[in-house]
Ligand SMILES: [Cu+2]
């Protein structure tokens, strides 16, 4: 809904990119989907292969469908609900198509937005550090597995009494070498007790990585989990 995260997200593509839409009717009324080049209305300029259902044969509550859109030229397109009136009521988002060759990080066709909470916890004697739960407890340093191109959002809460910071790294001893802009604060400007932070980044390359606390020594004390990009 308006004001909430991920509301009518703007989609940025390069000319020639193929965008796959996987649309679910999470509402209680009927809806249909399409991409149009028109900045108003619901049937002018609609791109045929982008249609999912139609206003005369819409998606019922809980139903879903797929379609795709290939941007043929630079400009602004709109993804809309093609049921009359629904676009005006807010079911509209933009697709910005450019010829920006520097925009080389492209999500794979099955990429997802995945969200995790990884909170900093400490044993009462401060010797053991971990994410989410102490060793032997449920959800201790959970292994994260994503696909290349996925968008990842990490939320971290500092539930401990010392300072912590988050980052995804290739080598846990190289805690300064944080990848993909994944850091939440830093060793020199860490999260204070009770503070929380968030980062959103794209898993740009496949391989085995670690998420760690980037405060020196904390990964060794247990603040380290496996992060795999397939
Ligand atoms: Cu730490």
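Residue numbers (my numbering): 1 to 230. Cβ coordinates follow ideal geometry from the N, Cα and C atoms, glycine included.
Query - Whole-angstrom distance between residue 55 and residue 206, CA atom to CA atom - result: Translated into positions along the chain shown, residue 206 becomes position 206. Translated into positions along the chain shown, residue 55 becomes position 55. For residue 206 and residue 55, the distance between alpha carbons rounds to 41 angstroms.
In or out: residue 20 buried (at least 16 other Cβ within 10 Å) or exposed? Translated into positions along the chain shown, residue 20 becomes position 20. So residue 20 counts as exposed.
What is the DSSP secondary structure of residue 48, reduced to helix, strand or coil? In the chain shown, the residue the question calls residue 48 occupies position 48. DSSP places residue 48 in helix when its eight states are reduced to three.
Going by DSSP, what residue range makes up the beta strand (DSSP E) through residue 155? For this step, residue 155 is matched to residue 155 along the chain shown. First-last of the beta strand (DSSP E) with residue 155: 151–157.
Legend entry - Exposure of residue 164, with buried meaning 16 or more beta-carbon neighbours within 10 Å: In the chain shown, the residue the question calls residue 164 occupies position 164. Under this definition residue 164 is a buried residue.
message = Could you check whether residue 129 and residue 221 sit closer than 8 angstroms to each other, using their CB atoms as the reference points?
response = Residue numbering aside, residue 221 sits at position 221 when the chain shown is read from its first letter. Residue numbering aside, residue 129 sits at position 129 when the chain shown is read from its first letter. Going by C-beta atoms, residue 221 is nearer than 8 angstroms to residue 129.
query = Should residue 164 be counted as a contact of ligand 1 given a C-beta to heavy atom distance under 7 angstroms?
reply = Along the chain shown, one-based indexing puts residue 164 at 164. Yes - ligand 1 has a heavy atom lying nearer than 7 angstroms to the Cβ of residue 164.
message: Just to confirm the assignment, what range does the beta strand (DSSP E) spanning residue 98 have?
response: Counting from one through the chain shown, the residue named residue 98 turns up at place 98. Residue 98 -> beta strand (DSSP E) spans 92–98.
Based on DSSP bridge pairs, tell me the residues matched to residue 229.
As a first step, residue 229 is located in the chain shown; it is residue number 229 there, counting from the start. Looking at the DSSP assignment, residue 229 forms a beta bridge with 146 and 207.
Check the C-beta distance from residue 25 over to residue 2 and give it rounded, since I have them as a contact under 8 angstroms. Mapped onto the chain shown, residue 25 falls at position 25. Mapped onto the chain shown, residue 2 falls at position 2. With a Cβ gap of about 19 angstroms, residue 25 and residue 2 do not count as contacting.
Measure the alpha-carbon distance for residue 7 versus residue 90 and round it to whole angstroms.
Here residue 7 refers to the residue found at position 7 when the chain shown is read from its first residue. Here residue 90 refers to the residue found at position 90 when the chain shown is read from its first residue. Distance between the alpha carbons of residue 7 and residue 90 is about 10 angstroms.
_On the criterion of 16 or more Cβ atoms from any shown chain inside 10 Å, does residue 10 qualify as buried, or is it exposed?_
Indexing the chain shown from 1 puts residue 10 at position 10. Under this definition residue 10 is an exposed residue.
query: Cβ of residue 240 versus every heavy atom of ligand 1: is any distance shorter than 7 angstroms?
result: Any answer about residue 240 is impossible in this case: the structure gives the chain only from 1 up to 230.
Where does the unbroken beta strand (DSSP E) through residue 13 begin, and where does it stop? Locating residue 13 in the chain shown gives position 13, counting from the first residue. Residue 13 -> beta strand (DSSP E) spans 11–14.
Check your understanding: Can you list, in chain order, the residues of its chain whose CB lies under 8 angstroms from that of residue 121, leaving out five sequence neighbours each side?
Key -> As a working note, residue 121 is residue 121 in the chain shown. The residues are 129, 130, 131, 132, 133, 134, 159 and 160.
Next on the checklist: On the criterion of 16 or more Cβ atoms from any shown chain inside 10 Å, does residue 177 qualify as buried, or is it exposed?
Outcome noted: In the chain shown, the residue the question calls residue 177 occupies position 177. Burial call: exposed.
Taking the beta carbon of residue 136 as the centre, do at least 16 other beta carbons fall within 10 Å, making it buried, or is it exposed? For the purposes of this step, residue 136 is identified with residue 136 of the chain shown, where counting begins at 1. So residue 136 ends up on the exposed side.
Margin query: What does the Cβ neighbour count give for residue 149, buried or exposed, with the cut at 16 atoms within 10 Å?
Written below: As a working note, residue 149 is residue 149 in the chain shown. Buried is the call here.
* Asked: For residue 30, which residues from the same chain have a beta carbon less than 7 angstroms from its beta carbon, with the 5 sequence-adjacent residues on both sides left out?
  -> On the chain shown, position 30 is the one that residue 30 refers to. 58, 59, 60 and 83, listed in sequence order.
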